[in-house]
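Asks:
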Amino acid sequence: MTNISIDDLKSIKASGQKFAAITAYDYSFAKLIDKAEIEVTLVGDSLGNVIQGQQTTIPVTLDEMAYHTTNVKRGIRSSLILSDMPFMSYATVPQALDNAAVLMQAGAQMVKLEGGEWLTETVYALTERGIPVCGHLGLTPQSVHKLSGFKVQGKDANAADKILAEAKMLEEAGADLLVIECVPSALGSNLASTLDIPVIGIGAGSDTDGQVLVLQDMLGISDKAPKFSKNYLAQASSIQDALSAYRKEVLNGAFPEPKHGF
Ligand code: KIV
């Protein structure tokens, strides 16, 4: 597999095919993910939950994100490395520029930021300076307290329209990718068909251009598996086989099933 680029993901979308993404936090798993030819490797701030045992992603620091990005980078040859900017590391444009630079120098090829309209200036500033951006809308875990918990977002027409409008704003500001988390499947579908950029869903139905799962969820070793995840290790004889089965099911449309959606 050659290095996966943003253009490759856009071509996959344009051809009506799907791609897979998964989180990784270290060298050993990154190697297995790369070998499974999973297109995108997300160094997620979910490391707060699954590596550190925290209740939320809020305690995760920039230094920790850079440390894990560096370790993942050593295991990847082809997969596109996307790293999360942690809580309050992009509250202002100058902060975002300085902190995104740290993650890019640690090995990220794109950074992910949670938020909508308020982020458009930041997305523009980053992309103008050569830092590719992935937006993240729907359930944005860094805002868990403001959202009063980990809840499905965009359930009524007004909330769905707001997410759709903000997604378009992020695209217009220069975002190259969007993660949409925990929204009704119909909204996931609408986002993927409305936006030109690839949309990666997690708990957003089967019609998004790509799917992402947290590694520990799909290996069945997280504290509480979310409804939208699937334990691929339960039916596989190795972690390598589980990762390959996950990618295969995303690409052939077998995952997610209706029961994984909202
Ligand atoms: O941090 C993470 O793992 C994420 C995914 C839930 C998309 O942002």
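By our numbering, the letter at position 83 of the sequence shown is numbered 83, and the numbering carries on one by one without gaps.
A virtual CB, placed ideally from N, CA and C, is assigned to each residue, including glycine.
(1) The ligand KIV and V72: does any heavy atom of the ligand fall closer than 7 Å to the residue's C-beta?
(2) Examine the ligand KIV and report whether any of its heavy atoms sits within less than 7 Å of the Cβ of H260.
(3) Starting from the Cα of S11, find the closest Cα among K146, V199, A159 and A108 and give me that residue.
(4) Give the DSSP-derived three-state secondary structure of T23 in the structure shown.
(5) So which of G53, N252, A173 and E117 has the shortest CA-CA distance to R129?
(6) Pull up the distance between the alpha-carbon of L119 and that of V111, whole angstroms please.
(7) Indicate whether the contact test is met: 3 or more Cβ pairs, each with one atom in the segment 69-81 and one in the segment 23-33, closer than 8 Å.
(8) Which residues in the same chain have their Cβ closer than 7 Å to the Cβ of A225, if we skip the five residues on either side of it in sequence?
(9) Since V133 and L139 are thought to touch, with beta carbons under 8 Å apart, how far apart are those beta carbons, to the nearest angstrom?
(10) When we look at the beta-carbon of K227 and count the other beta-carbons within 10 Å, is it buried (16 or more) or exposed?
(11) Check whether the Cβ of D196 sits closer than 7 Å to any heavy atom of the ligand KIV, and report yes or no.
Replies: This is what the structure holds:
(1) Here residue 72 is taken as the residue at index 72 of the sequence shown, counted from 1. Result no, Cβ not under 7 Å from the ligand KIV.
(2) As a first step, residue 260 is located in the sequence shown; it is residue number 260 there, counting from the start. The answer is no for H260.
(3) As a position in the sequence shown, residue 11 is number 11, starting the count at 1. Answer by Cα proximity: V199.
(4) Counting from one through the sequence shown, the residue named residue 23 turns up at place 23. Per DSSP, reduced to three states, the secondary structure at T23 is strand.
(5) Counted from its first residue, the sequence shown places residue 129 at position 129. Nearest C-alpha to R129: A173.
(6) In the sequence shown, the residue the question calls residue 119 occupies position 119. In the sequence shown, the residue the question calls residue 111 occupies position 111. Roughly 13 Å between the two C-alpha positions.
(7) Here the segment 69-81 lies against the segment 23-33, with 3 or more beta-carbon pairs under 8 Å apart.
(8) Reading the sequence shown from its first residue, position 225 is the one you call residue 225. Within the same chain, A225 has close Cβ partners D217 and N231.
(9) Position 133 of the sequence shown holds residue 133. Position 139 of the sequence shown holds residue 139. Going by Cβ atoms, the distance from V133 to L139 rounds to 19 Å, so no, they are not a contact pair.
(10) Taking the first residue of the sequence shown as 1, we reach residue 227 at position 227. Around the CB of K227, fewer than 16 other CB atoms lie within 10 Å, so the residue is classed as exposed.
(11) Translated into the one-based positions of the sequence shown, residue 196 becomes position 196. In this structure, D196 has its beta carbon at no less than 7 Å from each heavy atom of the ligand KIV.
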